[in-house]
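Colleague: Mind looking over this structure? Questions follow.
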Amino acid sequence: MPLERLISARQLTIEVLHDIFQRARKMRAICQNSGRTSLLADKMIGLVFLEPSSRTLLSFQSAAQRLGAGIVFIQGVGSTSFEKGESLSDAIKVVSGYCDLIVARLPKSGDAQIASAASSVPFINAGDGGNEHPTQSLVDTFTIMEELGSLANLDYAFGFDPLQSRSIHSLCLVLSQFENVGFDFISPPELQAPGWLIEQCQSRNVRVSQSNALSELKNPDVIYLNRLQEERFPDRSLFEKYRYEYRLTPEQIPSSTRLILDPLPRVDEIALSVDELPIAGYFRQAQNGVYIRMALLSMLLGRTL
Amino acid sequence: MPLERLISARQLTIEVLHDIFQRARKMRAICQNSGRTSLLADKMIGLVFLEPSSRTLLSFQSAAQRLGAGIVFIQGVGSTSFEKGESLSDAIKVVSGYCDLIVARLPKSGDAQIASAASSVPFINAGDGGNEHPTQSLVDTFTIMEELGSLANLDYAFGFDPLQSRSIHSLCLVLSQFENVGFDFISPPELQAPGWLIEQCQSRNVRVSQSNALSELKNPDVIYLNRLQEERFPDRSLFEKYRYEYRLTPEQIPSSTRLILDPLPRVDEIALSVDELPIAGYFRQAQNGVYIRMALLSMLLGRTL
Amino acid sequence: MPLERLISARQLTIEVLHDIFQRARKMRAICQNSGRTSLLADKMIGLVFLEPSSRTLLSFQSAAQRLGAGIVFIQGVGSTSFEKGESLSDAIKVVSGYCDLIVARLPKSGDAQIASAASSVPFINAGDGGNEHPTQSLVDTFTIMEELGSLANLDYAFGFDPLQSRSIHSLCLVLSQFENVGFDFISPPELQAPGWLIEQCQSRNVRVSQSNALSELKNPDVIYLNRLQEERFPDRSLFEKYRYEYRLTPEQIPSSTRLILDPLPRVDEIALSVDELPIAGYFRQAQNGVYIRMALLSMLLGRTL
C-alpha cells in the first residue's frame, strides 16, 4: 500500500522500499534522458523549512521541478512557526490550503507528527530536530542497493558519532529488517551507539559489535560515516581531540570494503584522498537524493509514470 | 474598467469587486479540476518582499505558478530598499525591467504609492506598513460573499483591536459601500475604532456601535476578529491583561452568527474549540487567498479565461 | 568556440562577445514578442548566492525562467560555504548533482576558480569578492553596442572610484581589445585607477588620461559611473567629503556625450535630473541584464534558438 505521509523511518518496510526504489530508477532514467517530466505539472509542492538545510532543500527543489510541479517556499530559522504566537498547527493548516503536498523541516523532535496531523494534504518529514530524517534513510539504502545489488547479507560499519547521528539511527532501524546483516559501530568511547539502538538491532538478529579505533574495523562491505556532531559536544576540547583521530584515510580502509557513504556535509571524517577511490560513493549518494525525492513525491501524490 | 494597479482598498468599488469575484470563481474551478493553467505562461511576476510575510507571500507564490507564470523573488527585512543608499524608486524601476507585474510588501506607509509610480509594469500593494493591505480586503469580502451570498443587509462585529488593525480599517471602508449594513466594534477601552473610521462609516449610513465586552455583542451575522497587535502596545502589562479577556469561545457566540473570520495569524483571540464549528470560516478564508490573487494577477495583466 | 565556463572577463574575447550579443538580440526578441521560450525546459539552473545580491540574482532568476528552466536556489550571507566546516568544493560538487548549470556569487577573490573546478556541470561566476564580475561586463558592452553601434573608436570616461570598482576594472579589460579607444578616469586623488590597470590598458594602445575633477572631463562618447564604494573607505569623513562633490548633473555633461551608464545601485553619483535625458542609459542597461544572461545560459548549455 503506497504511503500518504512519511513521518518516520519506521514506516520504511521492505515492501515500501521496493516500491520507492522502482520509482527512483524510472526517475533517474528521466533525468538522464529528458531532464524533466510533466507528471506533476498540475501540482504545487509546499516547502516549509523552519531550520537551516541545504542538501535536503536543494534536492527537493530539484525533484519537484523535474516533475513539473510548482513550489511555494517559506524559510525561517530557529522558529517553531512562521509568526510570533501562531501555532505550528495553524501555520500548516493554512499552507496546506496553498499546495498539494507539504515537505517540512522543523526544529523540534515530534514536530513532524504535529504538522502532519494538521495538514489536509500529504506530508513528508524532511527532518524534525534530532528525531527523524526518513528521506535520508531512503537515499542511503537506495545507494547501497544500486551499488551493491542488495541490502541483505552485508556487513556495515558505522562511525564516528553513533550516539548522536540521526542518520545512523534511522538507517540502522531500516537495515535491521534485512536477513543476515552485521553492524559494527566505531566511535570515541563517549559517543558509542545508544543502548536502545543496540537492543533493537539485536532483537532483530543483527550481529552487533563496537570498538573505539578505526584499526579495529571488522571486515565491512559498507562503511557509513557521519561527521562528529560538533555542536553537541559539551566539552570543546574533546571535539578537538577526536576530530583528526577519527578520520578515514585510504590506508585504513579494509580490503573487504565495497562502498563508502556519508550523508554529508563532510568535515574531517573522510580524508580528501579517499574521494578518488571508486568505492567512495558519497557524491553519487547525494545525487540519488533527487531521484528518491522524485519517487517519493510521485508516490505520495498517487501518480505513476 | 479593469484595474492596472492596486494601491488602496479605496479602489475596490462594488463594480471592481464584482469583476474580481467572477474571476476568482473561475480560478477556484481551475484549482479544483485541473490544478494549474497556462493563462500567464508567458509572464514573469516580481515578488518584492521587504517586510516579513508568510501567508501573503505564499499565496502569491501559489497564485502565480497555478497560472503558469514564473517568479522573480527578492526578500529583505527592515529595509526600505535592496541596498544601502539606493532609493526605493530606483530599485523598483530596475525590477520592473525584469518582470511583467510587481507585487510588493513594503515597510512604510505610503511606500506603495512611491513604488507604483516608479514601476513601468502593473503593480499590487501587498501591504505598506500600517497603511493598507487591499488584497486582504478582497479575500475577506470574497469569503463573505461565497459563504453568505451577499455583502449587503448584514450586521458585522469587529474585534479586538479596531484601533490598530489595518485589515479591519480597509474591510470597513469596502463594506461601507453596501446597503443596510451595521458595524459593531468590540475592544478594550484603549483600542476603540479611530474617530475618522467611525465618521466615514456613518457618513455612508452604516449603523455603528461600540462596546468593551464580548458579552455585549449585538446580533451579528459575521464576526471578524484580528489578534491584539502586541508589538504596538506601549505597555506590556496591558497586553497581558487583555489577551485572554478578549477571546472568543463557542459559548460566547450569539446564535445569529453565520460566519467567523480572521485574517490570521490567530494568537489568543479565538479558542481552538471554535475551529470545529461549521461557521468557523478562517481557514477557508486563507485558502480563498489563492483564488483572489490569481484573479487579481489575471485582471491586472489583461487576461481572461 | 563557445564557452563552457565563465570565470573571468579575460575570457571575453571579441569573438565571444560577438556570439553572445547575437544570442542576446534573439532573446530580447523572444521577451518582447512571446515572453518566454521552452529552449531550456528540460534543464535545472542552480543559483548559489553566498553573498548578498539583488540585480544579478533577480536577472538570473528571470533569465532562467524565461528560457523555461527550473531553478534550485540557495542563499547564504558572509559564509564561504553552506554549512560550518564543509569546503566550498564539496558543496559545489553536491549542487552540481542537482542541476545542469551553476551560477555562483561567492564572497572571496578566487572562489569562482575553486568552485568551477569542483563543478561537474557548466559554471558562471556571478561575482567573487572584489575580484571579477564578468557578466556585468557583458551587460555593459552589449548596452554600448546596441545604443552606439560599436565598441571601437570611442572615448570612455570612468568614475568615480576606479581604484576599487570591479565593474570598471573588468569593463576596461574587455574594451581595451578594441581599436582606437580612449579611457579617461575621474576620481578623488585617493581613488585613482590602479597602476596595473593603467599599464595593461596602455600596453594595448589605449589612450589613457586621469583627472580629479568632473570639470576636466575630456570629450567622452560614453560616461560610465559607479558609486563610491562607501564600505571600503578607511576614513568615513573622506567619504562624506566626496559623496556630493563627485556627482554628475545635467550641466556637467559634455556635449560630446552619447551615453551614460551605471551598473547600479545609484547612490549619489548621478543626480536624479539626469534620468530624464535620452542619453541616460542605466535603466535600459539593467534590463539588458536579462537578455545577456539568457544568452549566456543558452550558450553554456549548448543550445541555439
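Chains as they are written, first to last, in my numbering: chain U, 806 to 1110; chain F, 806 to 1110; chain P, 806 to 1110. The beta-carbon is built from N, C-alpha and C at its ideal position, and this holds for glycine as well.
Count the CB pairs spanning the region 1039 to 1050 of chain F and the region 970 to 983 of chain F that are closer than 8 Å, and state whether there are at least three.
Modeller: They do not touch, by the three-pair rule.
Colleague: Kindly give me the distance between the Cβ atoms of Leu1105/U and Ala868/U, rounded to whole angstroms, as I take these residues to be in contact under 8 Å.
Modeller: If you number the first sequence from 1, residue 1105/U lands on position 300. If you number the first sequence from 1, residue 868/U lands on position 63. Actually they do not touch by this definition, with Cβ atoms about 12 Å apart.
Colleague: Are the C-beta of Gln969/F and some C-beta of chain U separated by less than 8 Å?
Modeller: In the second sequence, counting from the first residue as 1, residue 969/F sits at position 164. No, Gln969/F does not count as interfacial toward chain U.
Colleague: Short check: CB of Lys913/F to CB of Gly932/F, under 8 Å?
Modeller: Here the question's residue 913/F lines up with position 108 in the second sequence. Here the question's residue 932/F lines up with position 127 in the second sequence. Not in contact: Lys913/F and Gly932/F (Cβ atoms no closer than 8 Å).
Colleague: Does the region 843 to 857 of chain P touch the region 1068 to 1079 of chain P, meaning 3 or more C-beta pairs lie closer than 8 Å?
Modeller: Touching, no, given that fewer than three Cβ pairs across the two stretches are closer than 8 Å.
Colleague: With three or more beta-carbon pairs closer than 8 Å as the criterion, would you say the region 814 to 825 of chain U touches the region 894 to 905 of chain U?
Modeller: The region 814 to 825 of chain U vs the region 894 to 905 of chain U: no contact.
Colleague: For Val821/U, return the contacting residues in chain P, with the cut-off set at a CB-CB distance below 8 Å.
Modeller: By 1-based counting over the first sequence, the position of residue 821/U is 16. Result: empty, since nearest Cβ-Cβ is about 24 Å, beyond 8 Å.
Colleague: In chain order, which alpha helix (DSSP H) runs of at least 4 residues are fully inside the region 990 to 1042 of chain P?
Modeller: The region 990 to 1042 of chain P contains these whole alpha helix (DSSP H) runs: 1000 to 1008.
Colleague: What's the C-alpha gap between Glu951/P and Gly881/U?
Modeller: The sequence position of residue 951/P within the third sequence is 146, counting from 1. The sequence position of residue 881/U within the first sequence is 76, counting from 1. The straight-line gap from Cα to Cα measures roughly 43 Å.
Colleague: Under 8 Å: do the region 941 to 955 of chain F and the region 912 to 926 of chain F share three or more Cβ pairs, one atom per stretch?
Modeller: Contact between the region 941 to 955 of chain F and the region 912 to 926 of chain F is absent, because fewer than three Cβ pairs lie under 8 Å.
Colleague: Looking at the C-beta of Ser859/U, does it have a partner C-beta in chain P at a distance below 8 Å?
Modeller: Residue mapping note: residue 859/U aligns to position 54 of the first sequence, counting from 1. Yes, Ser859/U lies at the interface with chain P (some Cβ there is under 8 Å from its Cβ).
Colleague: Would Pro1059/U and Pro1083/U qualify as a contact pair, given that the criterion is a beta-carbon distance under 8 Å?
Modeller: Here residue 1059/U corresponds to residue number 254 of the first sequence, with the count starting at 1. Here residue 1083/U corresponds to residue number 278 of the first sequence, with the count starting at 1. No, these two residues do not count as a Cβ contact at 8 Å.
Colleague: Any beta-carbon of chain P closer than 8 Å to the one on Ile761/F?
Modeller: There is no way to answer for residue 761/F, as the model of chain F reaches only from 806 to 1110.
Colleague: Hey, quick one: how far does the beta strand (DSSP E) through Phe928/P stretch, first residue to last?
Modeller: Taking the third sequence and counting its residues from 1, one reaches residue 928/P at position 123. Per DSSP, Phe928/P belongs to the beta strand (DSSP E) from Phe928 to Asp933.
Colleague: Our contact map puts Glu809/U next to Pro927/U with C-beta atoms below 8 Å; I'd like the distance itself, whole angstroms only.
Modeller: The residue labelled residue 809/U in the question sits at position 4 within the first sequence. The residue labelled residue 927/U in the question sits at position 122 within the first sequence. Indeed, because the Cβ distance is near 5 Å, the residues count as touching under 8 Å.
Colleague: Which residues does DSSP pair with Leu911/F in a beta bridge?
Modeller: Taking the second sequence and counting its residues from 1, the one referred to as residue 911/F is at position 106. Answer by DSSP bridge pairing, in chain order: Asp933/F.
Colleague: In chain order, what are the residue ranges of uninterrupted beta strand (DSSP E) at least 3 long that sit wholly in the region 828 to 860 of chain F?
Modeller: With a minimum length of 3 residues, the continuous beta strand (DSSP E) runs that stay inside the region 828 to 860 of chain F are 849 to 854.
Colleague: Look at Asn1017/F and Asn985/F and say whether their C-beta atoms are less than 8 Å apart.
Modeller: Your numbering for residue 1017/F matches position 212 in the second sequence. Your numbering for residue 985/F matches position 180 in the second sequence. Cβ distance not < 8 Å, so Asn1017/F and Asn985/F don't count as in contact.
Colleague: Mind checking who Val877/U pairs with in its DSSP beta bridge?
Modeller: The residue given as residue 877/U occupies position 72 in the first sequence. Answer by DSSP bridge pairing, in chain order: Gly851/U.
Colleague: How about Arg1012/U and Gly987/U: do their beta carbons lie closer than 8 Å?
Modeller: Locating residue 1012/U in the first sequence gives position 207, where the first residue counts as 1. Locating residue 987/U in the first sequence gives position 182, where the first residue counts as 1. For Arg1012/U and Gly987/U, yes; Cβs fall inside 8 Å.
Colleague: Starting from the Cα of Glu1035/P, find the closest Cα among Val1072/P, Glu888/P and Glu1056/P and give me that residue.
Modeller: Taking the first residue of the third sequence as position 1, residue 1035/P is located at position 230. The shortest Cα separation from Glu1035/P among Val1072/P, Glu888/P and Glu1056/P belongs to Val1072/P.
Colleague: Within 8 Å of any Cβ in chain F, is that where the Cβ of Gly902/U sits?
Modeller: Translated into the one-based positions of the first sequence, residue 902/U becomes position 97. Yes, Gly902/U counts as interfacial toward chain F.
Colleague: Just checking: is the beta-carbon of Phe793/F within a distance shorter than 8 Å of some beta-carbon in chain U?
Modeller: Because residue 793/F is not part of the residues shown, which for chain F are 806 to 1110, the question remains open.
Colleague: Of all Cβ atoms in chain U, is any one closer than 8 Å to the Cβ of Met950/P?
Modeller: Residue numbering aside, residue 950/P sits at position 145 when the third sequence is read from its first letter. Chain U, which has no Cβ nearer than 8 Å to the Cβ of Met950/P, makes this no.
Colleague: Kindly list the residues whose CB is nearer than 6 Å to the CB of Leu862/U, restricted to its own chain and excluding five residues on each side of it in sequence; keep chain order.
Modeller: Translated into positions along the first sequence, residue 862/U becomes position 57. Cβ within range, chain order: Phe854.
Colleague: Rounded to whole angstroms, what is the Cα-Cα separation between Ile949/P and Leu956/P?
Modeller: As a working note, residue 949/P is residue 144 in the third sequence. As a working note, residue 956/P is residue 151 in the third sequence. Spanning the two alpha carbons is a distance of roughly 7 Å.
Colleague: Just how far apart, CA to CA, sit Arg830/P and Tyr1096/P?
Modeller: Translated into positions along the third sequence, residue 830/P becomes position 25. Translated into positions along the third sequence, residue 1096/P becomes position 291. So the two alpha carbons sit approximately 7 Å from each other.
Colleague: Provide the residue span of the alpha helix (DSSP H) that contains Leu953/F, from first to last.
Modeller: As a first step, residue 953/F is located in the second sequence; it is residue number 148 there, counting from the start. Counting along the chain, the alpha helix (DSSP H) containing Leu953/F begins and ends at Pro939 to Leu953.
Colleague: Taking the straight line between their C-alpha atoms, what separation do you get for Arg1052/U and Pro1070/U?
Modeller: Here residue 1052/U refers to the residue found at position 247 of the first sequence. Here residue 1070/U refers to the residue found at position 265 of the first sequence. Answer to the nearest angstrom: the Cα atoms are 14 Å apart.
Colleague: Should Glu995/P be labelled buried (16 or more other beta-carbon atoms within 10 Å of its own) or exposed?
Modeller: Indexing the third sequence from 1 puts residue 995/P at position 190. Burial call: exposed.
Colleague: Please report the distance separating the alpha-carbon of Ser864/F from that of Ile879/F.
Modeller: If you number the second sequence from 1, residue 864/F lands on position 59. If you number the second sequence from 1, residue 879/F lands on position 74. Each residue's alpha carbon lies about 16 Å from the other.
Colleague: Under 8 Å Cβ-Cβ, which residues of chain U neighbour Asp895/P?
Modeller: Position 90 of the third sequence holds residue 895/P. Neighbours of Asp895/P on chain U, chain order: Leu1069, Pro1070 and Arg1071.
Colleague: In this structure, what does DSSP give as the bridge partners for Asp1080/F?
Modeller: Here residue 1080/F corresponds to residue number 275 of the second sequence, with the count starting at 1. In the DSSP output, where bridge partners are listed per residue, Asp1080/F has none listed.
Colleague: Give me, in chain order, the residues of the same chain whose beta-carbon lies closer than 7 Å to that of Gln1007/U; leave out the 5 immediate sequence neighbours on both sides.
Modeller: Here residue 1007/U refers to the residue found at position 202 when the first sequence is read from its first residue. Around Gln1007/U: Val1013.
Colleague: Over the uninterrupted alpha helix (DSSP H) stretch that includes Ile919/P, give me the two end residues.
Modeller: Your numbering for residue 919/P matches position 114 in the third sequence. Element bounds for Ile919/P: Asp916 to Ala923.
Colleague: Go ahead and label Ala834/P buried or exposed: buried means 16 or more other beta carbons lie within 10 angstroms of its beta carbon, across all protein chains shown.
Modeller: Here residue 834/P refers to the residue found at position 29 of the third sequence. Its Cβ having fewer than 16 others within 10 Å, Ala834/P is exposed.
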